[in-house]
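First to last, the sequence lines map onto chains A and B.
Each residue of the first sequence is one higher than the one before, starting from 3 at the first, in the working numbering.
Each residue of the second sequence is one higher than the one before, starting from 3 at the first, in the working numbering.
Step one of this worksheet: look at the structure below.
2 protein chains.
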Amino acid sequence: MVRSGYAAVSSRRVAASVGINAPLLHYYFPTIDDLFVAVMRRRANQYVERMAAALASPEPLRAWWELASDAGGAGLFVEAIAAANHRPALRIEVGKVARDLRQLQMQTLTSLLDEYGLDPDEFPPALVAAALQGLAFGLVSDQMAGYETAHAEAAAGMAKLIARLEQQRARRLSARGRIPARRTSARP
Amino acid sequence: MVRSGYAAVSSRRVAASVGINAPLLHYYFPTIDDLFVAVMRRRANQYVERMAAALASPEPLRAWWELASDAGGAGLFVEAIAAANHRPALRIEVGKVARDLRQLQMQTLTSLLDEYGLDPDEFPPALVAAALQGLAFGLVSDQMAGYETAHAEAAAGMAKLIARLEQQRARRLSARGRIPARRTSARP
DNA sequence: GTCTATAGCTGGATAGAC
DNA sequence: GTCTATCCAGCTATAGAC
Chain A
3 MVRSGYAAVS SRRVAASVGI NAPLLHYYFP TIDDLFVAVM RRRANQYVER
53 MAAALASPEP LRAWWELASD AGGAGLFVEA IAAANHRPAL RIEVGKVARD
103 LRQLQMQTLT SLLDEYGLDP DEFPPALVAA ALQGLAFGLV SDQMAGYETA
153 HAEAAAGMAK LIARLEQQRA RRLSARGRIP ARRTSARP
Chain B
3 MVRSGYAAVS SRRVAASVGI NAPLLHYYFP TIDDLFVAVM RRRANQYVER
53 MAAALASPEP LRAWWELASD AGGAGLFVEA IAAANHRPAL RIEVGKVARD
103 LRQLQMQTLT SLLDEYGLDP DEFPPALVAA ALQGLAFGLV SDQMAGYETA
153 HAEAAAGMAK LIARLEQQRA RRLSARGRIP ARRTSARP
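Next up, the structure:
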């Protein structure tokens with residue numbers, strides 16, 4: 003799916019690549035949609051967990067960005083979202099992940115923006131989350147397609163910006179007498 | 003294409019919707035790729051022109067944002083980019099537009115960032131352009147698919163942020179004795 | 001230019017033997 | 001569970017009459 007695009011995923015081809023033949027694939031996954039949904043559900047759960055871990059790490063923003071802009075992990079979702087455009091069953095599944103992820107991100111941001119020194123009136127959680135995800139998605143997808151949209155410069159700029167924000171947060175936290183630590187640890 | 007997704011575009015269906023039949027469509031557009039490329043080329047030129055006009059308007063950032071986040075205009079590109087993923091001929095065409103648009107945006111930003119009071123070291127043109135486009139693309143595409151990702155809040159936040167930036171620019175320009183005017187007019 | 005007829009392919013899915 | 005054989009649908013594209 004990532005290598006050749008979701009359009010290359012057909013019952014015959016998938017079956018062949020696993021060494022069985024098409025009818026047997028239909029024995030396990032009655033319809034092709036069932037297959038897409040199963041793959042999606044499995045990877046989505048992993049991804050949500052990795053996102054939760056990133057958001058709870060010592061440098062939440064950096065970890066989030068690295069996860070979102072990693073071509074390996076995000077590549078599947080680029081294809082999934084495209085495929086979902088004309089596969090209703092898959093769209094429902096992708097919709098659930100999208101909603102869960104955004105909810106998770108916004109919740110974390112609400113309590114995190116202050117630590118980064120960002121005014122939630124100027125940068126509301128919904129905007130920050132959508133911007134970060136949109137930027138990452140665009141970069142990964144342009145990179146995958148080979149479009150010359152200066153994605154390398156943009157990625158470099160973003161890395162620098164995030165480094166600055168993490169520094170800022172570290173200073174703020176230490177000024178409050180807290181060591182920037184895992185958010186899951188006990189809070190004073 | 004926008005209504006039912008690019009997958010609904012087949013020679014038969016397109017022909018039927020124009021009141022002719024498939025072979026005649028192939029008479030005008032030998033292959034389906036030719037049709038996609040022709041449509042893309044036509045709309046792309048219009049879009050580049052509109053983008054240039056937006057960037058030369060009295061409030062460049064606002065105009066750019068409105069153009070990019072307009073579901074009507076951007077909807078086609080959401081589908082085109084998805085379709086380009088498995089149509090090499092179309093990918094080349096989309097790649098050209100993507101490159102031209104980004105180049106145009108970055109050029110303008112280079113001379114514009116200062117007026118908005120943005121430090122080009124903190125926010126390089128490539129980053130600003132990619133972020134704005136990525137955000138807009140994500141919002142439009144989530145909206146089209148019906149995903150619950152708080153796109154309304156994000157859009158509202160972005161509108162507010164841009165309003166602030168335009169205000170800031172207006173103040174800066176008037177402080178320098180310039181009326182914020184069309185960038186195509188004569189400069190002192 | 002515009003049509004009918006049709007070839008040729010690929011894919012989803014099922015029947016039914018083993 | 002796993003296979004062979006097969007049906008049916010939809011699409012791209014061409015041949016050839018008018």
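Note that beta-carbon positions come from the ideal geometry of N, C-alpha and C, so glycine has one too.
- For ALA131 (chain A), the closest C-alpha among the options B:TYR29, B:PRO62 and B:ALA156 is that of B:ALA156.
- Among the CB atoms of chain A, none fall inside 8 Å of the CB of ALA24 (chain B).
- For the 8 Å CB-CB criterion, ARG45 (chain A) and LEU78 (chain A) form a contact.
- In the three-state DSSP reduction, ARG178 (chain A) falls in the coil class, being neither helix nor strand.
- DSSP places PRO90 (chain B) in the uninterrupted alpha helix (DSSP H) bounded by 90 to 114.
- DSSP places ARG43 (chain B) in the uninterrupted alpha helix (DSSP H) bounded by 34 to 57.
- Contact between the segment 86 to 99 of chain A and the segment 29 to 47 of chain A is present: three or more C-beta pairs spanning the two stretches fall below 8 Å.
- Look at LEU63 (chain B): its C-beta is not under 8 Å from any C-beta on chain A.
- A check of alpha carbon separations from PRO126 (chain B) across A:GLY136, A:PRO122, A:ALA152 and A:LEU167 identifies A:ALA152 as the nearest.
- Below the 7 Å Cβ cutoff, chain A contributes GLU155 and GLY159 as neighbours of PRO126 (chain B), in chain order.
- Below the 7 Å Cβ cutoff, chain B contributes ASN87 and HIS88 as neighbours of GLY7 (chain A), in chain order.
- Between ASP123 (chain A) and ARG89 (chain A), the gap from beta carbon to beta carbon reaches 8 Å or more.
- The Cβ atoms of GLY136 (chain A) and GLY136 (chain B) lie closer than 8 Å to each other.
- Residues are counted here when their Cβ sits less than 8 Å from a Cβ of chain B; for the segment 37 to 65 of chain A the count is zero.
- Counting C-beta pairs with one atom in each stretch, the segment 56 to 74 of chain A and the segment 137 to 147 of chain A have three or more that are closer than 8 Å, which means they touch.
- Closest in C-alpha terms to ALA138 (chain B), from the list B:LEU63, B:ALA17 and B:SER59, comes B:LEU63.
- By the neighbour-count criterion, in which a residue is buried when 16 or more other Cβ atoms sit within 10 angstroms of its Cβ, ARG178 (chain A) is exposed.
- With respect to the C-alpha of MET160 (chain A), the residue from A:SER12, A:ALA128, A:TRP67 and A:VAL16 having the closest C-alpha is A:TRP67.
- Residue contact with chain A for GLN145 (chain B): absent (no Cβ-Cβ distance below 8 Å to any residue of chain A).
- Judged by DSSP in its simplified three-state form, ILE22 (chain A) adopts coil rather than helix or strand.
- For LEU141 (chain B), the enclosing alpha helix (DSSP H) stretches over residues 127 to 147.
- C-alpha of ARG14 (chain A) to C-alpha of GLU51 (chain A): approximately 32 Å in a straight line.
- Taking the CA atoms as reference points, ALA128 (chain A) sits about 41 Å from SER19 (chain A).
- Contacts with chain A at 8 Å (Cβ-Cβ) do not include GLN170 (chain B).
- Sixteen is the threshold: when 16 or more other Cβ atoms of the shown chains lie within 10 Å of the Cβ of THR110 (chain A), as they do, the residue is buried.
- Cβ contact annotation for ASN23 (chain B) (same chain, cutoff 6 Å, sequence separation greater than five): ALA17, in chain order.
- A direct Cα-to-Cα measurement between ALA154 (chain A) and SER12 (chain B) gives close to 36 Å.
- At a cut-off of 8 Å between C-beta atoms, PHE79 (chain A) does not count as an interface residue with respect to chain B.
- Taking a Cβ-Cβ cut-off of 7 Å, the neighbours of MET108 (chain B) in chain A comprise ALA152, given in sequence order.
- The C-beta distance from LEU57 (chain B) to LEU106 (chain B) rounds to 7 Å, short enough to meet the 8 Å contact threshold.
- For ARG43 (chain A), the number of other beta carbons within 10 angstroms of its own is below 16, and it is reported as exposed.
- Contact between TYR49 (chain A) and GLY75 (chain A) holds: CB atoms are separated by about 7 Å, below the 8 Å threshold.
- Excluding the 5 residues flanking it on each side, VAL80 (chain B) has same chain C-beta neighbours closer than 8 Å at PHE139, VAL142, SER143 and MET146, in chain order.
- Residue environment for LEU26 (chain B): exposed (fewer than 16 other C-beta atoms within 10 angstroms of its C-beta).
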